[in-house]
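Chains R and E, in that order, give the protein sequences. Start counting the first sequence at 1; every next residue gets the next number (our numbering). Start counting the second sequence at 1001; every next residue gets the next number (our numbering). So the structure is just underneath, and the comments pick up after that.
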Amino acid sequence: MQTAVSTEGARPISAVATVRPEGEIDRLIARNRSRTAWLLLLPALAVILIAAVAPLVTIVWVSFWRLDGLNLVRTIDTEAWRSVLRDPTFYRLALSTLQTVVIVLVLVGVLGLTAGYFLARFVTNRKLQALLLMLAILPFWTSYLIRIITWQPLFGNSGVINFILGKAGLPQMELFLFNQRAMIFAMTSLYVVFVVGPVFWALSRIDPEVIAASRSLGASAWTTFRTVELPLARGGLVVGLFFASIFLFGDYATGRLIGGGTNPMLSDAISQYAGSGQWPVAATLAVVLFGIAILVLAIFMRVYDLRKEL
Amino acid sequence: MTHKHLSYAEMMARRFAADRAVTRRRLLANGAKVGAALAVAPALGRWAAGDASAQGVVLREIGLSLTEDPRILSRFQEDTGITMEGNSQILGNQITFWLQNYQDYDVNQVNFSQNAPLLAQGAIQPFPTADIPAWNDQVIELFRVPDVPGYSERSGWPLAGTYTEEAFESGSYDTFIGTPTWFGFDAFGYLEGQAQGDLTSYGAIFDPANAGRATLLNEPITSVMKVATYLEGTGQAEFEGALNNLTREDLAICFDFLNELKQAGQFRLFWSDFGQLVDLLVAGEIWVGDFWASACAAAVASGAPAVFVNDPAEGSNGWIQGADISAATEHYPEVTTFINWYLESGVPGAILGVQGYYSPRPDRVEPILSEQSTTVEGISDWDYWYEGAVPEERPALSERLNHIADWQAYPDEFEEYSRLWTAFTSA
């Protein structure tokens, strides 16, 4: 009965086949799909075009404008580039920016890896695991400024740490406020969370049997970590560092508030130059910073192909 | 003789009461005016007449939080029926913000040291002084004629900063770049009991005795000017340019001095905003620097022994805050009404007056401040803030005008200032 109903209602396949050659339907569907696929892509493309490509092109364009006295001349001129490229200050800024970013990335990498490893391997209680992870992420629910401002009562001259040191009869310190050390330390604490999460997820995804196999074959915990877990967690680590570096390159407030403005980053110089209306130099520095950021991200991609994660 | 300063809470309570009293008196006065408005409208100026066509117009301005005080803006609306929407900006953002957004705004209340690029890039428009009736013979001489106390022969300021180049050079003083609405004097401050050395000179900032505890504002125009004021005032250098418009050679001298100090660890940090400065003072992180008077006052209110040095040995650095008119405004008549009201009503002058700043029309501020005593017990605010009733704390305006080294201005060599400053802070 069922067969009868179905053949009655539908057009016999053979009838279609007589009109359309074999495989034509599949091709039609595929073509329609690719048309729809393009349509689906359009909004995203439009957003990327408006929000990323256009501003970037504009910035590059502005870097070729000229300040004629106080007048901004919209032209093609290499003056801003020449003044940036022949001034040792900017090389120093670029170098110290790169240095700061690399140091902070190494620190957040190491700290994030150990914290993520601890969470994934040593905390067996699922609820506790979730709670600890939440605690790591919690500071991110407060405003950036508040987190930075709390630094002072903690690390300041008359802050908590010096108070405790004083009570304990130890010499007071000025380690963690208004110098490069302080800036790096603050940035590390701000951005380590980007690494803890992804590393934790990557490590949790490793099949326990793989680790058990490694151990039962005689590998030490260290060898297992180095040869089995670390390579498998590399994706999480790189994703975390990737995001941390995006924030790091743009962070100028930490340098001002914790670094005391004595160790500026390129981003700080950009903000200063733009703030005083010197757009061409600001734009040139922005292009340079963008170049450095792309370089660092390219290195990440060499270490680990992020596309594998998608 | 010691003076009893009011506690912070008492000061605030009295200021609140004084504001209400002003409102009440003005309401009564305005009520009487309504009847006479038709007859005397031209004489009183547009603000008093309550111009019917201006009712309901909405203006927009940017300025410091001090100028965008809701008490000022709401009184303006009460008086004229025109609404002014204020948008507070921090000093360092104002040039950029205005250049990007002046099409959407009518007034820029700005430090006149920022005027030059705004004018050059066509974002503000010059306007006749005749459009501001309150700009008359009652305006303090400083802003009307050269060669009076406070006038800088070398730079031509404050006149050169107030009027267009043509109006300044011809001596006609009839076209504004912007109208000065309030002004004051920058110097330096310190924490009592901490800062060492001669605390009457800017030299305290550069004294090795305060190494690692000194600071400067992270901004080239004002900071470099203070260094130059110190170096010239103490005879260590003689500059070719005016203190507010140094030449490249002058700048080299200033930055040699600064770089050497920085290498020796003189500066703890470079501060960048009011709130941060107050926190740093209260926490005792810094002892001496180019503090703002208002930040010292705020630090004192929070219990820090901060002292502002009104008139350092080398002279103060004057500054003008005023109203620039947007090149794109569609409400020019209402904008001039606003600027006129700012001077004529005395209201902003009184509110800013007890925070330490001066109005170009002190005669309009006096009636309000004479009626209130919100700072020192038994002394009227007018006598304290303008007349020097407690000279060791707050000298009279007339006295302070004799101690101005020069006025903050946008220097011709700004790019060089900026480049050297970046090199200095990042070294």
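By construction, the Cβ of each residue, glycine as well, lies at the ideal position given by its N, Cα and C atoms. Predicted, not measured: the structure shown is a model, and the values here were computed from it.
What is the DSSP secondary structure of VAL1057(E), counted as helix, strand or coil? The residue you call residue 1057(E) lines up with position 57 of the second sequence. If DSSP states are grouped into helix, strand and coil, VAL1057(E) belongs with coil.
Would you call the region 262–271 of chain R in contact with the region 220–240 of chain R, where contact means no fewer than 3 C-beta pairs closer than 8 Å? no
By DSSP, does PRO1104(E) sit in helix, in strand, or in coil? Reading the second sequence from its first residue, position 104 is the one you call residue 1104(E). It is worth fixing the name first, because residue 1104(E) is Asp in this sequence and not Pro. Note: ASP1104(E) maps to helix in three-state DSSP.
Mapping the DSSP letters down to three states, classify PRO1220(E) as helix, strand or coil. For the purposes of this step, residue 1220(E) is identified with residue 220 of the second sequence, where counting begins at 1. In the structure shown, PRO1220(E) sits in a helix (DSSP, three-state: H, G or I).
Quick test of the definition: if touching needs 3 or more C-beta pairs under 8 Å, does the region 1122–1141 of chain E touch the region 1377–1386 of chain E? With a cut-off of 8 Å, the region 1377–1386 of chain E and the region 1122–1141 of chain E do not count as touching, because too few Cβ pairs lie within range.
CB-CB length for ASN1087(E) against ARG1060(E), believed under 8 Å: Numbered from 1 along the second sequence, position 87 holds the residue referred to as residue 1087(E). Numbered from 1 along the second sequence, position 60 holds the residue referred to as residue 1060(E). So it is a contact: roughly 7 Å between Cβ atoms.
Taking 8 Å as the CB-CB cut-off, is ARG1015(E) touching chain R? Stepping through the second sequence from its first residue, residue 1015(E) is reached at position 15. No, no contact with chain R.
So, PRO1117(E) versus TRP1407(E), is the Cβ gap smaller than 8 Å? The residue you call residue 1117(E) lines up with position 117 of the second sequence. The residue you call residue 1407(E) lines up with position 407 of the second sequence. Cβ distance not < 8 Å, so PRO1117(E) and TRP1407(E) don't count as in contact.
Mind checking which residues open and close the beta strand (DSSP E) that includes PHE1188(E)? Here residue 1188(E) corresponds to residue number 188 of the second sequence, with the count starting at 1. First-last of the beta strand (DSSP E) with PHE1188(E): 1188–1191.
What is the DSSP secondary structure of TRP1421(E), reduced to helix, strand or coil? Stepping through the second sequence from its first residue, residue 1421(E) is reached at position 421. Note: TRP1421(E) maps to helix in three-state DSSP.
With THR188(R) and VAL104(R) assumed to form a contact (beta carbons below 8 Å), what rounded beta-carbon distance in angstroms separates them? Along the first sequence, read from residue 1 onward, the residue named residue 188(R) stands at position 188. Along the first sequence, read from residue 1 onward, the residue named residue 104(R) stands at position 104. Indeed, because the Cβ distance is near 6 Å, the residues count as touching under 8 Å.
Amino acids of chain R, ordered along the chain, whose beta-carbon sits closer than 9 Å to that of ASN1087(E): Looking up residue 1087(E) in the second sequence gives position 87. Neighbours of ASN1087(E) on chain R: none; closest Cβ ~17 Å, over 9 Å.
Count the other CB atoms, across all protein chains shown, that sit within 10 Å of the CB of ALA1039(E); report buried if there are 16 or more and exposed otherwise. On the second sequence, position 39 is the one that residue 1039(E) refers to. Only weak support is given to the placement of ALA1039(E): the predicted model assigns it a pLDDT of 44, under 50, and the value that follows is read from those uncertain coordinates. Classification of ALA1039(E): exposed, given that the 10 Å Cβ count is below 16.
Within 10 angstroms of the Cβ of ILE1140(E), are there 16 or more other Cβ atoms? Answer buried if so, exposed if not. Within the second sequence, residue 1140(E) is the residue found at index 140, counting from 1. ILE1140(E) comes out buried.
Beta-carbon proximity check, ALA1293(E) vs VAL1278(E), cutoff 8 Å: Numbered from 1 along the second sequence, position 293 holds the residue referred to as residue 1293(E). Numbered from 1 along the second sequence, position 278 holds the residue referred to as residue 1278(E). Their beta carbons are not under 8 Å apart, which means ALA1293(E) does not touch VAL1278(E) by this criterion.
Give a yes or no on whether the minimum CB-CB distance between ASN162(R) and chain E is below 8 Å. Within the first sequence, residue 162(R) is the residue found at index 162, counting from 1. Interface with chain E (8 Å Cβ-Cβ cutoff): ASN162(R) is excluded.
Are there 16 or more other CB atoms within 10 angstroms of the CB of ALA1427(E), so buried, or fewer, so exposed? Against the second sequence, residue 1427(E) aligns to sequence position 427. By the Cβ neighbour-count rule, ALA1427(E) is exposed, with fewer than 16 other Cβ atoms within 10 Å of its own.
Buried or exposed: LEU1281(E), going by 16 or more other Cβ atoms within 10 Å of its Cβ? Position 281 of the second sequence, counting from 1, holds the residue named residue 1281(E). Classification for LEU1281(E): buried.
Is there a Cβ from chain E that is less than 8 Å from the Cβ of VAL296(R)? Along the first sequence, one-based indexing puts residue 296(R) at 296. False, the Cβ-Cβ gap to chain E never drops below 8 Å.
Shortest alpha-carbon distance to GLY1063(E) belongs to which of LEU1401(E), ILE1095(E), ASP1137(E), PHE1188(E)? Taking the first residue of the second sequence as position 1, residue 1063(E) is located at position 63. Answer by Cα proximity: ILE1095(E).
Against chain R, does ALA1389(E) count as a neighbour if the rule is that its beta carbon must be under 8 Å from one of theirs? In the second sequence, residue 1389(E) corresponds to position 389, counting from 1. It does not; no Cβ of chain R falls within 8 Å.
Would ASN71(R) and ALA1283(E) be called neighbours here (beta carbons separated by less than 8 Å)? Taking the first sequence and counting its residues from 1, the one referred to as residue 71(R) is at position 71. Taking the second sequence and counting its residues from 1, the one referred to as residue 1283(E) is at position 283. Not a contact, by the Cβ cut-off of 8 Å.
Listed by chain order, chain E residues near THR158(R) by CB distance under 7 Å: Here residue 158(R) is taken as the residue at index 158 of the first sequence, counted from 1. One point to set straight first is that residue 158(R) is Ser, not Thr, in the sequence displayed. Result: ALA1283, GLY1284.
Going straight from the alpha carbon of TRP1047(E) to that of PHE1267(E), what length do you get? Sequence index remark: in the second sequence, residue 1047(E) carries index 47 (1-based). Sequence index remark: in the second sequence, residue 1267(E) carries index 267 (1-based). With a pLDDT of only 47 at TRP1047(E), under the threshold of 50, the placement of this residue in the model should not be trusted, and no figure is reported.
Would you be able to state if there are at least three C-beta pairs under 8 Å between the region 146–164 of chain R and the region 173–186 of chain R? yes
For chain E, find out if any of its Cβ atoms is closer than 8 Å to the Cβ of ASN125(R); answer yes or no. Counting from one through the first sequence, the residue named residue 125(R) turns up at place 125. With 8 Å as the cut-off, ASN125(R) does not count as an interface residue toward chain E.
Should GLN99(R) go down as buried or exposed, given a rule of 16 or more other Cβ atoms within 10 Å for buried? The residue given as residue 99(R) occupies position 99 in the first sequence. Label assigned to GLN99(R): exposed.
Could you confirm whether any beta carbon from chain E is found closer than 8 Å to the beta carbon of GLN272(R)? On the first sequence, position 272 is the one that residue 272(R) refers to. Between GLN272(R) and chain E, the shortest Cβ-Cβ separation is below 8 Å.
Does DSSP put TYR1086(E) in a helix, a strand or coil? Here residue 1086(E) is taken as the residue at index 86 of the second sequence, counted from 1. Note that residue 1086(E) is Gly in the sequence shown, not Tyr. If DSSP states are grouped into helix, strand and coil, GLY1086(E) belongs with the strands.
Is the beta carbon of ASP1079(E) closer than 8 Å to that of SER1326(E)? On the second sequence, residue 1326(E) is found 326 positions in, with the first residue counted as 1. On the second sequence, residue 1079(E) is found 79 positions in, with the first residue counted as 1. It is not a contact, given that the beta carbons lie outside the stated cut-off.
So ASP68(R) is in the beta strand (DSSP E); what residue range does that whole segment cover? Position 68 of the first sequence, counted from the first residue, corresponds to residue 68(R). ASP68(R): member of the beta strand (DSSP E) spanning 66–68, first to last residue.
Helix, strand or coil at TYR1384(E) according to DSSP, with G and I counted as helix: Here the question's residue 1384(E) lines up with position 384 in the second sequence. Helix at TYR1384(E).
How is the beta strand (DSSP E) around GLY1322(E) delimited, first residue to last? Your numbering for residue 1322(E) matches position 322 in the second sequence. Counting along the chain, the beta strand (DSSP E) containing GLY1322(E) begins and ends at 1316–1325.
Who are the Cβ neighbours of ALA1328(E) in its own chain at under 7 Å, not counting the five residues just before and after it? Here residue 1328(E) refers to the residue found at position 328 of the second sequence. Around ALA1328(E): TYR1102, GLN1103.
Using C-beta distances below 7 Å, list every residue in its chain close to TYR191(R), excluding the 5 sequence neighbours before and after it, in chain order. For this step, residue 191(R) is matched to residue 191 along the first sequence. Within the same chain, TYR191(R) has close Cβ partners VAL104, VAL108, ALA244, PHE247, LEU248.
Of the choices VAL60(R), ARG126(R), LYS167(R), TRP279(R), whose alpha-carbon is the least far from that of GLY69(R)? Mapped onto the first sequence, residue 69(R) falls at position 69. The option with the nearest alpha carbon to GLY69(R) is TRP279(R).
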